[in-house]
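Data first, discussion second: the structure below is written as structure tokens.
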Amino acid sequence: MADVEPDQLKRAVESQHGCTATLAQSVPVKETFGGKTVWEGVVHVFKINGHPKASQAYAWSSPIEGSDKRRFFAVLHVPPITSPADAVRAAIVAESRK
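Written as structure tokens, this is what we have:
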């Protein structure tokens, strides 16, 4: 399945965080845990305007297991999240707690 268009991720950032977003760059990320790849893909870095705490956001999507739908992630660049890999790691941890 093809990845989503950056425009869809831009809309996800803007709707989830109430700001305007502009694509700055796309960064490949491979997150491993215990020697296994737990997530691999491209994280899009957006410059954002109108948010009180962040000037950047990281966005990506992943397929939902057992479905043809995708889940969108839009994580703000707010410490301790200071890189695309940090954003992916935080989302994985949040998912594992559900």
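This note's numbering puts the sequence shown at residues 4 to 101. Virtual Cβ for every residue (Gly too), placed ideally from N, Cα, C.
- Membership of S18 in the alpha helix (DSSP H) is indicated by the continuous run P9 to H20.
- Rounded to whole angstroms, F76 and A62 show a C-alpha spacing of 5 Å.
- Beyond the five residues adjoining it in sequence on each side, V78 comes within less than 7 Å, by CB distance, of A60, Y61, I84, A90, A93 and A94 in the same chain, given in chain order.
- Between S64 and V7, the beta carbon gap of about 5 Å places them in contact (Cβ cut-off 8 Å).
- The C-beta distance from A57 to V81 rounds to 5 Å, short enough to meet the 8 Å contact threshold.
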